[in-house]
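K.L.:
Got a structure for you, questions after.
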Amino acid sequence: MSVACDIAVLGAGPAGMAAATEAARRGARVVLLDEYPAPGGQAHRAAPPGFRMPADSDRRAGDRLRHALALSGAELRLGHRVWDLAGGPPAQAGISRPFRIASLGPQGPAALEARALILCPGAQERIIPFPGWTLPGVIGLAAASILLKAQGVLPGRRAVVAGVGPLLLAVAARVMKAGAELAAVVDLAGPAEWQAALPALASRPDLLMRGLAWRARLASRSVAVLRAHRVLAAEGGRVLERVRVAPLSGGAPEEFDCDALCIGHGLVPATEAARCLGAAHCYAPRDGGWVPVLDKDGRSSVPLLYVAGDAGSLRGAAAAPASGRLAALAALADLGRLPPRRHARARLGPALAHAHAVRPGAAMAAMMALRPALLDGIAPETVVCRCEGVTRRDIEQAIGAGAREMNQLGRFTRCGTGPCQGRLCGEAAAELLAGRVGGRERAGFLTTHPPLRPVPIEMLLGEPAPADTAPVLAPA
Amino acid sequence: MVIRGIAAILTAMMGSLRIRDVLRPAEVTFTWQGRPFRAPVGESLATALLEAGIRCLGEGPGAPRAAFCMAGSCQQCLVRVDGRPAQACLVPVRAGMAAEPA
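Sequence order for the protein chains is A and B.
According to numbering that gives the first Met the number 0, the first sequence is numbered sequentially starting from 0.
According to numbering that gives the first Met the number 0, the second sequence is numbered sequentially starting from 0.
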């Protein structure tokens, strides 16, 4: 059974919640879909029902967005994994054709038709492989953040927190506050990079103060904060036991015993949905990598398809709600539900809020941009693609044998063709390829096709109906 | 080496990874490979297994698999829950749930 609506919003993070709220408040029939059972996204992720976490500013900002959403009249489809996107207006305008959204929800498969579609899938973490990164005990910074904030659980009893970007300090501070031992904080960025980011961060004094408070807390506990350092290797038998760390400039490595390594090398916009629908993309490292080509209101190259929040350009959770509202207003205007003059007036507020919020976000995005030097740290025998067990050596051999583009590399080695569909290995593999073929634009990206995420086939098929069975023809 | 071993035993005895100032619902029993464990109802299976000291969730093609992204994206925590494949980081613990490697 297919349900029709004016606007579907994919992803209930800060951008999606604000987009759905804005459109529904103005009278549109809006459906908001998300894989999780509660709205919030990763930045404002809600704790499971029955859990009460200590309040903090992130949670309060999330609660405000959730509250507005609940009052807006938008229909929520939570616990829905969207696995196929199709339809949409053809590139030549004039023909009306809805987007078709297939999902798998708590009650089984569901279909939705929408005249306009706003994509707010957020970002995923980039982790450039290093020897030992597959050892149990090594997790992403974003993963650690989820454990600490949404599950109330420590990643380990003695942790090393490593990588780059705002999550680094946030996770380190939370680990320490929650009572675990912090063995070391290993920051890829040097003092000069933080100094360069300061003027942009100063436009958000609250964030700046929070960052400085975290720094002070680390200093007061005499935690080793190593700047311009990298993790060389994670070591241990069956699980993580220690981490080897060294200055980026070379120099003697240091070892830290630990049972958890939380590491992340920046965020990457989640573009599979926009790519699946054929939106034009460009490679913009300071926006996070491959990003959809958007106008200032989030319109993509496909009519009535919009992208908001980090999925369009990494500007952080603070900028995402304004970006979502701009996309919602543009969709309403393009659907003829908001006259041009009223649209022009309505978009002023969110446009101003967005312009204010993007500065610190852009500074953090620049800091999180991919650092090609990390590629040197992938040993030949290091597994790059975990799903298929493809090593750096396998990738180099395939490139030597003539793989010139990501999909070719996938066919040569199976890299990126497993269940994670390249989400974990894509950045490293593309960067290895780019170094040999002359840039990421040439290396391209893995073609997206349904299912966008793995779904059990028996759940999609359901019970076979007698009519589905073809009659057996009697032999002539 | 001996000191490191003693330190490991001591930290293991220090108890829960669950952060103290969080209010949780009542605990229920679930099983991993037939062994019973307790966890608050609704906690993610990946979290409950981490707390139970089970870090390795299966054998990947290149290395042992463990929960990695905790956000439903990396598929490293794929297990079997009551006979069906499921991502441990997305599955809430229920009373009587039987989980095992995929």
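From the three backbone atoms N, C-alpha and C, an ideal C-beta is built for every residue, glycine too.
Using a cut-off of 8 Å between C-beta atoms, extract the partners of A/G388 located in chain B.
P.N.:
What A/G388 touches in chain B: G59, P60, G61 and A62.
K.L.:
Check the DSSP bridge columns for A/I398 and list the partner residues they point to.
P.N.:
Its beta-bridge partners do not exist; DSSP assigns none.
K.L.:
May I ask you to list the residues that DSSP assigns as paired with A/E380?
P.N.:
Per DSSP, none; premise fails for A/E380.
K.L.:
Smallest Cα separation from A/P246: which of A/W289, A/M52 and A/P190?
P.N.:
Closest option to A/P246, Cα to Cα, is A/P190.
K.L.:
What residue ranges within the region 260–346 of chain A form continuous alpha helix (DSSP H) runs of no fewer than 4 residues, ordered along the chain?
P.N.:
271–275, 319–333 and 339–345
K.L.:
Look at the alpha carbon of A/G151 and the alpha carbon of A/R344, and state the distance between them as a whole number of angstroms.
P.N.:
43 Å
K.L.:
Determine the DSSP secondary structure at A/A110, reduced to helix, strand or coil.
P.N.:
strand
K.L.:
For chain A, is any of its Cβ atoms less than 8 Å away from the one on B/G4?
P.N.:
Reliability fails at B/G4, whose pLDDT of 49 lies under 50, so the model's placement of it is uncertain and no value is given.
K.L.:
Check the Cβ-Cβ distances between A/R51 and every residue of chain B, and say whether any is below 8 Å.
P.N.:
Cβ-Cβ to chain B under 8 Å: yes for A/R51.
K.L.:
Does A/P455 come within less than 8 Å of chain B when only Cβ atoms are used?
P.N.:
yes
K.L.:
Please compile the residues from chain B whose C-beta is within a distance smaller than 7 Å of the C-beta of A/P48.
P.N.:
G41
K.L.:
Considering only heavy atoms of the ligand MG, does any lie closer than 7 Å to the CB of B/T30?
P.N.:
As far as ligands go, the structure on display features none, and thus does not contain the ligand MG.
K.L.:
Rounded C-beta distance between A/A142 and B/A51? I'm assuming under 8 Å.
P.N.:
With 8 Å as the limit, A/A142 and B/A51 do not qualify as a contact, their Cβ atoms being about 18 Å apart.
K.L.:
Which class does A/D186 belong to by DSSP, given the choice of helix, strand or coil?
P.N.:
Note: A/D186 maps to strand in three-state DSSP.
K.L.:
Would you mind reading off the limits of the beta strand (DSSP E) that contains B/T30?
P.N.:
E26 to W31
K.L.:
I want to verify the contact list: residues of chain B whose CB lies under 9 Å from the CB of A/R385, in sequence order.
P.N.:
G59, P60, G61, A62, R64, F67, C73, Q74 and Q75
K.L.:
Which runs of the beta strand (DSSP E) at least 3 residues long sit entirely within the region 217–257 of chain A? Give them in chain order.
P.N.:
223–226, 228–234, 241–246 and 253–256
K.L.:
Please classify A/H228 as buried or exposed, where buried requires at least 16 neighbouring CB atoms within 10 angstroms.
P.N.:
buried
K.L.:
Could you check where the beta strand (DSSP E) with A/D33 kicks off and where it finishes?
P.N.:
V29 to D33
K.L.:
Output needed for A/L166: all residues of its chain with C-beta closer than 7 Å, excluding positions within five of it in sequence on either side, in chain order.
P.N.:
L140, A141, S144 and G263
K.L.:
Is the Cβ-Cβ distance between A/L9 and A/P38 less than 8 Å?
P.N.:
no
K.L.:
Kindly indicate the opening and closing residues of the beta strand (DSSP E) around A/V160.
P.N.:
R157 to G162
K.L.:
Does B/P91 come out as helix, strand or coil in the three-state DSSP assignment?
P.N.:
strand
K.L.:
At a CB distance below 8 Å, what residues from the region 421–445 of chain A approach chain B? Give them in sequence order.
P.N.:
R422 and L423
K.L.:
Quick one, are the C-beta atoms of A/Y305 and A/L187 less than 8 Å apart?
P.N.:
No, the pair does not count as a contact, with Cβ atoms beyond the cut-off.
K.L.:
When we look at the beta-carbon of A/I126 and count the other beta-carbons within 10 Å, is it buried (16 or more) or exposed?
P.N.:
buried
K.L.:
Show which residues of chain B have a CB atom less than 8 Å away from the CB atom of A/C419.
P.N.:
S72, C73, Q74 and Q75
K.L.:
Can you check whether the CB of A/A42 is closer than 8 Å to the CB of A/L134?
P.N.:
no
K.L.:
If you measure beta-carbon to beta-carbon, which residues of the region 9–39 of chain B are closer than 9 Å to chain A?
P.N.:
T10, A11, M13, S15, L16, R17, I18, R19, D20, V21, L22, R23, P24, A25 and P39
K.L.:
Would you mind listing the alpha helix (DSSP H) stretches within the region 60–147 of chain A that are 4+ residues and don't spill past its ends, in chain order?
P.N.:
Within the region 60–147 of chain A, the complete alpha helix (DSSP H) runs of at least 4 residues are 140–145.
K.L.:
By Cβ distance, which residues of its chain are closer than 6 Å to A/A481, with the 5 residues on each side in sequence left out?
P.N.:
This structure cannot settle anything about residue 481 of chain A, because the visible part of chain A is limited to 0 through 475.
K.L.:
Looking at the structure shown, is A/L181 part of a helix, part of a strand, or coil, going by DSSP?
P.N.:
strand
K.L.:
Let's see if you can read the secondary structure: which residues bound the alpha helix (DSSP H) around B/L49?
P.N.:
L44 to E50
K.L.:
List, in order along the chain, the chain B residues whose C-beta lies closer than 9 Å to that of A/R237?
P.N.:
R54, C55 and P63
K.L.:
With a threshold of 16 other CB atoms inside 10 Å of the CB of A/T381, please say whether the residue is buried or exposed.
P.N.:
buried
K.L.:
Return the Cβ separation of A/G265 and A/A368 in integer angstroms, given the expectation that the two are a contact with Cβ distance under 8 Å.
P.N.:
7 Å
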